Amino acid sequence: MKGFIKKIEQINFGLMSPEDIRAMSVVTVETPDTYEDDGFPIEKGLMDPRLGVIDPSLVCRTCGFRGGDCQGHFGSIELARPVIHIGFGDVIHKILRSTCNECGRVLLSQDQIDDFTQQIREAMDNKESLNAILKEVYRVAKRELKTLPEDDEEIDPKHCCPHCGAPQEAISLDKPVTIRQGDYKLTASEVRERLERISDEDSFVLGVNPEVARPEWLVLTVLPVPPVTVRPSITLDTGERSEDDLTHKLVDILRINQRLLENMEAGAPQLIVEDLWELLQYHVTTYFDNEASGVPPARHRSGRPLKTLTQRLKGKEGRFRSNLSGKRVNFSARTVISPDPNISINEVGVPEMIAKEVTVPVYVNEWNIEEMKQYIKNGPEQHPGANYVIRTDGRKIRVRGDETKELILEQLEPGFIIERHLKDGDMVLFNRQPSLHRMSMMAHEVRVLPYKTFRLNLCVCPPYNADFDGDEMNMHVFQTDESRAEAKSLMRVQEHILSPRFGGPIIGAIHDHISGAYLLTRDGVEFTEEQALQIIRKSHLKLPELKAGQWVLKQDPDFDEDSYIFKEKGEMWTGKELFSLLLPNDLNLSYSAEISKCPVVYPEEDATVVIKNGILVQGVIDESAYGSFSGKILDKIVKEYGPGRAKEFLDRSTDLAICGIMKTGITTSLNDEEIPEEAQDRINEHLDKKMAEVDKLVESYEEGYLQALPGRSLEETLEMKIMQVLGEARDMSGSIAENYLTMGKQYPEDSYDHVMAVENHSVVMARTGARASMLNLTQITACVGQQAVRGGRIERGYLNRTLPHFKKGELGAKAKGFVHSSYKSGLDPIEFFFHAMGGREGLVDTAIRTAQSGYMQRRLVNALQDLQVKSSGLVTDNQGNVIQTMFGEDGVDPAKSDFGKAANLDKLISEIRMESGMEGK
Amino acid sequence: MKIDIQDHMLVPKHEIMTEEEISEEFSDVDYDFKDLPKIRSEDPVVKAIGAEPGNVLRITRESQTAGVFITYRIVEG
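Residue numbers (the working numbering), protein chains in the order written: chain A, 1 to 921; chain B, 1 to 77.
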């Protein structure tokens, strides 16, 4: 750590006087050129060596430091004529409007001046805002006249100066820098003269503190020239020098300044001088802000607008948002992500290549010195090695080559810091943009793996919103023990299973985990003992104890020998028994499974899940059990047994589900969306009926006997009724198809002797909540339905019709975008066109929505970022102002709530019932 | 005819707190009651109940999370 040189206690923003600028300046720049032909900088040019040096081989003529250590020095340009500073156009305008055009006094009576002076002094003493008072000053001191009166006309004294009595002609500002009195354009010199005339007392009332600044400093006479370190020139590969945009702009200013000076000295006509003056004003204006409205932007030779001072600071790519709030950092890595179901949710697979590049600093002590020696021996090339060593004297040595290694090994002693490679078990921060919520950055444990992608467990995809179609993620390595410890207790993945957004698990099973668990745990699934043990082994479960020829499946939480649950050796195992091995011994729970939303469930009991003392007594495991966003069992385990147990449950249950899905196999094809001809006939018949209904509605409208609904026009009524009929048409055709799209055996009398015999995996996935929905399936099978643009039927296209295939003013279903066909049967060209219209709107909307919600979030975060919650529940801002006396008004941490509610009484009662032996239902 | 805005369904109950109530209510909290959120003296409810700058109002309103929530506001000025 370098020692303090100076400590900043206060920063004042204000005006800089011409004297200040000259005092700060080390050189008065006069030559509008940079380098001589021989490559040396010109004296008094824009690259004058006194302005600082960049090249480390050169020495600064001002401070004597070498390039890199010299921070640069300001120069100055003496402007031939004053110019108005673009940032102060409206300030100057306000001041001139409030002062007399003749005598220069403030247009306030002496009493008013005294009164306001008093007010301002008080506010300054109390460190209060002056804005309100100054606004009032400028409002009261406005006495302008629209037009000057004719010679002998009477003038209202309220338009005259209270001091000299002169009538006040209106001063106007022509943005950004032109100031007019009536029709006469004031030159910058005249503006400056007027500002000079204002007395110190008057300027104080106008908000300019004479102890710090003078109004005339708002008009520039000297321009500061930033040091070369601020505007470095780049040497291209071809050896050509390319100057910074600021340098280009300064060259322009100097060139015009020089010409103006010469013309003035030669006594050139007023017109020419004024033209040059205006040009100088333009160049100085664009030097400060090249995006000012009303000023054409200055361009580079290539036509690209120059990036001048304001552009360097402003906006997303500006200094603040890009370089100060958002710095690039060391010890970070980024690569493509891919899935790995074999690592824990707490882990992240890190490619060896990255593990050898980013390092962890470790203090050498007498207990780890041998380990550290091994790292140094391995060096930077071989995996658990080291890249750098920091000696006790603070020198950093790169581990490279056998000689250095030996030298380091000889010197190595406690107190050294070894920057060793990342290895298994290290904590790292893992992140995927956009970082919208706290689960977008979580701490993972490292697993160094071969190949070049980051590997992550599938359960952490929902919080990161990640998939594997080319997504990349970032990793950051902690550099201190404090940060590591803090991250481990606050940011670890397992601590974020419950989302503060809705008080349920956001990390949970997805896709194949869910269909797999269903296929494993539904009724009738049996395994031989050998198969069962294989599954147990493969999913890393603990093997149940074998006692006197019986497997101890579960023991009662009270350790009562009689209530052990045994399983005879040699018996068949059910999938439910296998799943029960994962559950805590005293878990009691009952809820409706996701498949209970299915009209027919076979066997019926599978739809209601009952877990008693950790045994899955009935019901099937699906999305409602342990899926992300909705898993009930998972939710209960985190809340009652803690995140550690939940992590273990999630890791093991997903393993088990994958074993389950591999025993059964899962496959899908278009055959899954096949329905018998009779069903197709019913659907067509039904659609025809609905079309007739629509035609009848249209007819009744055209005949004039359609009744308008309250508050709606006749056309709106018709449109609503048609939409309703068409909605029913799609829904009905969907539910007809659904009757044929079943998971498999539906009733005991169905002819399949084994549940696994004939089944429809598309429907299994939709019904268990693994992926897709029944709507997707019925759109494939039966009927796609109405296409919408802007929330209604399709209206746009040709005059009074959507396409030339229809009559003008036609209102039928087909003419406004109803798609009768199914995706499987295929859309006709007209339907296809409407479908593309609806699809395009969807794409445009998502693009716009992300941009809009991003900006909304940015504003919300900026408004809330400094708020803090005290342990009493009090919410305050950083000034101590109370925002809420109780966080969220109920003081509940949403992540620890029951899906947003403080407590769910029904659930609690049914749990107590189950535990006390009364069947809870 | 003038409508009493306090009768409107969307206007929660505002009461002016007495000195005793203030000292009792804010005696054991970890903030100064002067840091409470402000309400403008031109606020229609403030005018309706005749509160003066510096008064503390007790506002009893329905809350989505807590059922009924009591909050306080200090009249600006």
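For every residue, glycine included, the Cβ atom is placed at its ideal position computed from N, Cα and C.
Bear in mind the structure is a predicted one, so any value in this text is a computation, not a measurement.
message: Would A:K44 and A:T62 qualify as a contact pair, given that the criterion is a beta-carbon distance under 8 Å?
response: Here the question's residue 44 of chain A lines up with position 44 in the first sequence. Here the question's residue 62 of chain A lines up with position 62 in the first sequence. No, the pair does not count as a contact, with Cβ atoms beyond the cut-off.
- prompt: Considering only residues of the same chain and omitting the five flanking positions on each side of B:V11, which have a CB-CB separation below 8 Å?
  reply: Locating residue 11 of chain B in the second sequence gives position 11, counting from the first residue. The answer, listed in chain order, is I5 and V45.
- request: Can you give me the Cβ contacts of A:T335 inside the same chain, cut-off strictly under 8 Å, excluding the 5 residues immediately before and after it?
  value: Here residue 335 of chain A refers to the residue found at position 335 when the first sequence is read from its first residue. Closer than 8 Å at the Cβ level, and outside the excluded window around A:T335, lie P351, I354, K452, T453, F454, E472 and M473.
task: Let me know the secondary structure DSSP gives A:N613 once reduced to three states.
output: Locating residue 613 of chain A in the first sequence gives position 613, counting from the first residue. If DSSP states are grouped into helix, strand and coil, A:N613 belongs with coil.
- request: Specify the secondary structure class of A:N474 as computed by DSSP and reduced to three states.
  value: By 1-based counting over the first sequence, the position of residue 474 of chain A is 474. It is a strand residue.
- request: Return helix, strand or coil for A:V225, following the three-state DSSP convention.
  value: On the first sequence, residue 225 of chain A is found 225 positions in, with the first residue counted as 1. Reduced to three states, the DSSP call for A:V225 is strand.
task: Return the residue from the list A:T802, A:S203 and A:V725 that minimises the CA-CA distance to A:V694.
output: The residue labelled residue 694 of chain A in the question sits at position 694 within the first sequence. Minimum Cα distance to A:V694 is reached at A:V725.
- prompt: Does the beta-carbon distance from A:I256 to A:N263 come in below 8 Å?
  reply: Indexing the first sequence from 1 puts residue 256 of chain A at position 256. Indexing the first sequence from 1 puts residue 263 of chain A at position 263. Their beta carbons are not under 8 Å apart, which means A:I256 does not touch A:N263 by this criterion.
task: State the start and end residues of the unbroken beta strand (DSSP E) segment that holds A:V861.
output: Counting from one through the first sequence, the residue named residue 861 of chain A turns up at place 861. Taken as a continuous stretch (DSSP letters only), A:V861 belongs to no beta strand (DSSP E), being part of the alpha helix (DSSP H) at P829 to L864.
Residue range of the alpha helix (DSSP H) that includes A:Y375: Counting from 1 along the first sequence, the entry for residue 375 of chain A is found at position 375. A:Y375 -> alpha helix (DSSP H) spans I369 to N378.
field: chain A residues whose Cβ lies nearer than 7 Å to that of B:A66
entry: Translated into positions along the second sequence, residue 66 of chain B becomes position 66. Contact note: B:A66 reaches chain A through E889 and D890, using a C-beta cutoff of 7 Å and chain order.
message: Along the region 862-876 of chain A, where does the CB come closer than 8 Å to a CB of chain B? Name the residues.
response: K870, S872, L874 and T876
Beta carbon of A:L578 nearer than 8 Å to that of A:L656: Here residue 578 of chain A is taken as the residue at index 578 of the first sequence, counted from 1. Here residue 656 of chain A is taken as the residue at index 656 of the first sequence, counted from 1. Their beta carbons are under 8 Å apart, which means A:L578 touches A:L656 by this criterion.
message: Against chain A, does B:P37 count as a neighbour if the rule is that its beta carbon must be under 8 Å from one of theirs?
response: Counting from one through the second sequence, the residue named residue 37 of chain B turns up at place 37. Answer yes: the Cβ-Cβ gap between B:P37 and chain A drops below 8 Å somewhere.
task: Return the CA-CA distance between A:E78 and A:V222, expressed in angstroms with no decimal places.
output: Numbered from its first residue, the first sequence carries residue 78 of chain A at position 78. Numbered from its first residue, the first sequence carries residue 222 of chain A at position 222. Going by the C-alpha atoms only, they are around 5 Å apart.
- request: Pull up the distance between the alpha-carbon of A:V493 and that of A:R398, whole angstroms please.
  value: What you label residue 493 of chain A is simply residue 493 of the first sequence in a count that begins at 1. What you label residue 398 of chain A is simply residue 398 of the first sequence in a count that begins at 1. Answer to the nearest angstrom: the Cα atoms are 34 Å apart.
query: What number of angstroms, rounded off, separates the C-alpha of A:R321 from the C-alpha of A:H511?
result: Start at 1 with the first residue of the first sequence, and residue 321 of chain A comes out as number 321. Start at 1 with the first residue of the first sequence, and residue 511 of chain A comes out as number 511. Between A:R321 and A:H511, the C-alpha separation is close to 39 Å.
query: Are A:V609 and A:Y626 closer than 8 Å when you measure CB to CB?
result: Residue mapping note: residue 609 of chain A aligns to position 609 of the first sequence, counting from 1. Residue mapping note: residue 626 of chain A aligns to position 626 of the first sequence, counting from 1. The answer is no: Cβ separation not under 8 Å.
query: Which whole runs of the beta strand (DSSP E) in the region 683-744 of chain A are 3 residues long or more, in chain order?
result: Residue ranges of uninterrupted beta strand (DSSP E) with 3 or more members are absent from the region 683-744 of chain A; none lies entirely inside it.
- prompt: Is the region 463-471 of chain A in contact with the region 409-419 of chain A, if contact means three or more CB pairs nearer than 8 Å?
  reply: Pairwise C-beta distances place the region 463-471 of chain A out of contact with the region 409-419 of chain A, as fewer than three of them are shorter than 8 Å.
- request: Using a Cβ cut-off of 8 Å (strictly closer), state whether B:S63 contacts chain A.
  value: If you number the second sequence from 1, residue 63 of chain B lands on position 63. Interface residue, yes.
message: Quick check: what's the CA-CA separation for A:I120 versus A:P176?
response: On the first sequence, position 120 is the one that residue 120 of chain A refers to. On the first sequence, position 176 is the one that residue 176 of chain A refers to. Whole-angstrom Cα-Cα distance: 29 Å.
Alpha-carbon spacing of A:L650 relative to A:N457, whole angstroms: For the purposes of this step, residue 650 of chain A is identified with residue 650 of the first sequence, where counting begins at 1. For the purposes of this step, residue 457 of chain A is identified with residue 457 of the first sequence, where counting begins at 1. Their backbone Cα atoms lie some 11 Å apart in a straight line.
- prompt: In angstroms, rounded to a whole number, what distance separates the CA positions of A:C783 and A:L860?
  reply: As a first step, residue 783 of chain A is located in the first sequence; it is residue number 783 there, counting from the start. As a first step, residue 860 of chain A is located in the first sequence; it is residue number 860 there, counting from the start. Each residue's Cα considered, the two are about 43 Å apart.
message: So the candidates are A:D622, A:V295 and A:K423; which of them puts its Cα closest to the Cα of A:L520?
response: Residue mapping note: residue 520 of chain A aligns to position 520 of the first sequence, counting from 1. Closest option to A:L520, Cα to Cα, is A:D622.
query: Which stretch, first to last residue, makes up the beta strand (DSSP E) that contains A:E347?
result: Translated into the one-based positions of the first sequence, residue 347 of chain A becomes position 347. Here the beta strand (DSSP E) through A:E347 covers E347 to P351.
- prompt: Do the region 837-845 of chain A and the region 783-798 of chain A touch if we need at least three Cβ pairs shorter than 8 Å?
  reply: yes
Cα-Cα separation, A:V844 to A:E889: For the purposes of this step, residue 844 of chain A is taken as residue 844 along the first sequence, with counting starting at 1. For the purposes of this step, residue 889 of chain A is taken as residue 889 along the first sequence, with counting starting at 1. So the two alpha carbons sit approximately 39 Å from each other.
- request: Return the residue from the list A:V191, A:R192, A:V212 and A:E190 that minimises the CA-CA distance to A:D200.
  value: Start at 1 with the first residue of the first sequence, and residue 200 of chain A comes out as number 200. Nearest option by C-alpha distance: A:V212.
C-alpha distance - A:S17 paired with A:R849, whole-angstrom precision: Looking up residue 17 of chain A in the first sequence gives position 17. Looking up residue 849 of chain A in the first sequence gives position 849. So the two alpha carbons sit approximately 49 Å from each other.
- prompt: Residues of chain A with a CB under 7 Å from the CB of B:T71: which are they?
  reply: As a first step, residue 71 of chain B must be located in the second sequence, where it is residue number 71. The contacting residues are T885.
query: Is it true that the CB of A:G575 sits closer than 8 Å to the CB of A:E529?
result: On the first sequence, residue 529 of chain A is found 529 positions in, with the first residue counted as 1. On the first sequence, residue 575 of chain A is found 575 positions in, with the first residue counted as 1. Contact: no.
- prompt: CA-CA distance, A:L186 and A:L46?
  reply: Within the first sequence, the letter at position 186 stands for residue 186 of chain A. Within the first sequence, the letter at position 46 stands for residue 46 of chain A. Cα to Cα, A:L186 sits roughly 32 Å from A:L46.
message: If the criterion is Cβ atoms closer than 8 Å, does the pair A:I658 and A:H761 meet it?
response: The residue you call residue 658 of chain A lines up with position 658 of the first sequence. The residue you call residue 761 of chain A lines up with position 761 of the first sequence. Taking 8 Å as the Cβ cut-off, A:I658 and A:H761 do not qualify as a contacting pair.
message: Short of 6 Å in beta carbon distance, which residues of its chain neighbour A:E919, apart from the five on each side in sequence? Order them along the chain.
response: What you label residue 919 of chain A is simply residue 919 of the first sequence in a count that begins at 1. Here A:E919 scores only 49 on pLDDT, less than 50, and its place in the model should not be relied on; the value that follows carries that caveat. Nothing meets the Cβ criterion.
field: Near-chain A residues of the region 37-62 of chain B - C-beta to any C-beta below 7 Å
entry: P37
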